[in-house]
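See structure below.
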Amino acid sequence: MATIESVDFFYLAMPQITLDVDGSQDALLVRVTSGGIEGWGECEAAPLVSIASFVCPPSHGACQPVGRAVLGAELNDVADIFAIADAVRYFSMDLLQAVHTWSGIEMALWDLLGKRQGRPVWSMLGYSQAMPKRPYASLLFREDPADTFKDASKAAAEGFTAIKFGWGVFGKGTLQKDADQLRAAREGIGAGRDLMIDAGQIWGDDVDRAVSRLSALESVRAVWLEEPFIPDAFQSWATLSSRSKSVRLAGGEAAHNAEMAINLIDYAKVGFIQIDCGRIGGLGPAKRVADHAVNHGVIYVNHTFTSFLALSASIQPYAGLKDHDICEYPGAPKELATCITNEAIKMDRDGAIHLPSGPGLGVTVNENAIKKYMVDVEITVNRRRLFPPMKKCKRSVE
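Residue numbering for the sequence shown follows my numbering, beginning at 2 and increasing consecutively.
The following block contains the structure:
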C-alpha cells in the first residue's frame, strides 16, 4: 500500500510583475512523492495564497487546510485520487482557495500514477489514442491597433492557423475603438485563419453592451466571443447567444468545479467550453466536463496560458476526442514559463501539436532552470513555522 509522503510547493516569479493579464509571469509548481516516485503539477492561482491554503491552521471542521486530506492518504490507483478529492471538498469546503491548490496536486497525482504504471495519463482517462490538436496563439490586445496588427501578423507567420486576442483595451472604450482592434487583428492574421476574441468578463451582465459589438465581431468572422459576462450571469449569456447570428460564445475558465462548467453548457448556451485544469480541481472533473460537452454538441477546449507542464495536463481530458481539436497555446509566454520543463510542445509542419509519448504527463521539470525564479517563502503563525515544514523530504530545487 502506497501513501502520499510529501507535497512540496515551488513559487516562481519573474523579477518584475506587471498588471498585464498574463498568467505566465509567475507559477506555483507542486511536487508529490509516493513510493519513491515523483509527480508534478501546476496550480493556476495566486501562489502565496495557494501555499497558505495547504498549511493554514483550521478555522473549524469544514475549513481545514488542504494538507489535512492529502498527506498520508493512500495512492494506489485512480480511485484514490477521486477519494482524496472528495475529502478535500468535505474538509475544506469553506476554504475557497482549496480547489486551486488541490488542482495542481491532483495533476501531480495523475502524473505520479502514470509513471508508476508506465502509461500516459490520457490512457488512464479511458482514451485509446491521443489525437493531434490545432493550437491557437493566445495573445493580448495592444493599446494601439497597429501593434495588435503586428502581433497578429507575427503569429500568422509562425504558422498558427488560429489566433485569439483578448483583454487589454477591448471592451473598455468606445464601440469604434473595439471595431478598430478587431479589424487590425483580422487584417494581421489574414483571411484564411480562425480569429477568436476574449472579452475577459468586461461587461459584467450587461447584454446591451455585448450585443452592440456583435456586428463588428461578425464582420471580422470571429469564431467565438469568450467570457463576455461574469460566469454566473446565465440569463445574459443565453440572451446574447440567441441574438448572435454566427459568433458562438465561449467560457468556462473560471469554473471551480465541474458543475459550474456544466451549467454554462446547459443554461448559458455556450458553444465552446474552456476548462483550466489548474482551477477546476484537476483532470478528473475536466474529463467529466468533456464527456458532458460531447453529449450536448459543445466543443471542449483547454484553457492554458502558462507552461508546457500545464499545457500537457490541460490536453489530457480531451486527448482522444478527434472532433474537439482546437487548443489554446500560449502565444508569447514569459521566459519563466518556457523554462519550467525540459520538453517543449511545438507545432509540426501541419500546424498541429502532439502530446508527449512518455508516461504520466510526459514532461519533466527542469529543476536547475527554475532556480533563478524561486521565491523565498516562509509562513509562520505564533512563531511556529508552517511553511516550509520543519520536517520535510529532501528538496533538490534549493
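Just so you know, even glycine gets a beta-carbon here, dropped at the ideal spot from N, CA and C.
Less than 8 Å between the CB atoms is what I'm expecting for residue i and residue j, so what's the real figure, rounded?
i	j	result
A163	R143	Going by Cβ atoms, the distance from A163 to R143 rounds to 19 Å, so no, they are not a contact pair.
I354	P146	Not a contact, Cβ separation roughly 29 Å.
P121	G127	So it is not a contact: roughly 12 Å between Cβ atoms.
A211	L241	5 Å
V248	L226	5 Å
F55	V8	7 Å
A291	P318	5 Å
A320	L362	No, A320 and L362 are not in contact; Cβ-Cβ is about 11 Å, not under 8 Å.
Kindly indicate which three-state DSSP category residue i falls into: helix, strand or coil?
i	result
C394	The pLDDT assigned to C394 is 41, lower than 50, so where the model puts this residue is not dependable; a value taken from the coordinates is nonetheless given after this. DSSP places C394 in coil when its eight states are reduced to three.
K165	strand
P136	strand
C278	coil
P146	helix
T365	coil
I380	strand
G252	strand
E399	Because the pLDDT at E399 is just 41, under 50, the model does not fix this residue reliably, and the value given afterwards should be weighed accordingly. If DSSP states are grouped into helix, strand and coil, E399 belongs with coil.
M1	Any question about residue 1 goes unanswered here, given that the chain covers just 2 to 399.
T339	helix
D9	strand
F83	helix
R350	coil
A217	helix
A153	helix
F388	strand
A345	coil
E404	Not covered by the structure: residue 404. The range shown for the chain is 2 to 399.
T4	strand
V224	strand
A109	helix
Roughly how many angstroms lie between the CA atoms of residue i and residue j, to the nearest whole one?
i	j	result
A255	R386	32 Å
P232	V50	22 Å
I327	V302	6 Å
A3	I82	13 Å
V261	L113	This sequence places Met at residue 261; Val is not what is there. Their Cα atoms are separated by approximately 28 Å.
Q17	A370	18 Å
I341	K335	11 Å
D95	A294	29 Å
S139	K165	5 Å
R350	L356	15 Å
G252	E45	16 Å
K372	T339	14 Å
M197	H325	16 Å
G36	N296	38 Å
Y137	R384	49 Å
P331	D78	32 Å
G191	H101	38 Å
G73	L29	22 Å
V271	L265	6 Å
K155	M348	15 Å
Q275	L176	26 Å
S213	E228	15 Å
F388	V382	10 Å
W41	S243	42 Å
N423	I316	As shown, the chain starts at 2 and ends at 399. That puts residue 423 outside it, with no answer to give.
C64	F92	6 Å
I281	A158	34 Å
Do residue i and residue j have their C-beta atoms within less than 8 Å of each other?
i	j	result
W168	D195	no
E43	M108	yes
T307	S104	no
A99	V89	yes
G172	W204	yes
I52	V71	no
P66	C57	yes
S220	F230	no
F150	G189	yes
Y374	L13	yes
P125	L337	The residue asked about is misnamed: residue 125 is Met in this sequence, not Pro. No.
**Report entry** Residue ranges of each alpha helix (DSSP H) within the region 26-77, 4 or longer
**Finding:** 48-56 and 68-71
Requested in this report: Please specify which runs of the alpha helix (DSSP H), each continuous and at least 4 residues long, are wholly inside the region 268-336, giving them in chain order.
Outcome: 284-296 and 309-316
Requested in this report: Could I get the ranges of all uninterrupted alpha helix (DSSP H) runs contained in the region 161-213, with 4 residues as the minimum, in chain order?
Outcome: 176-190 and 208-212
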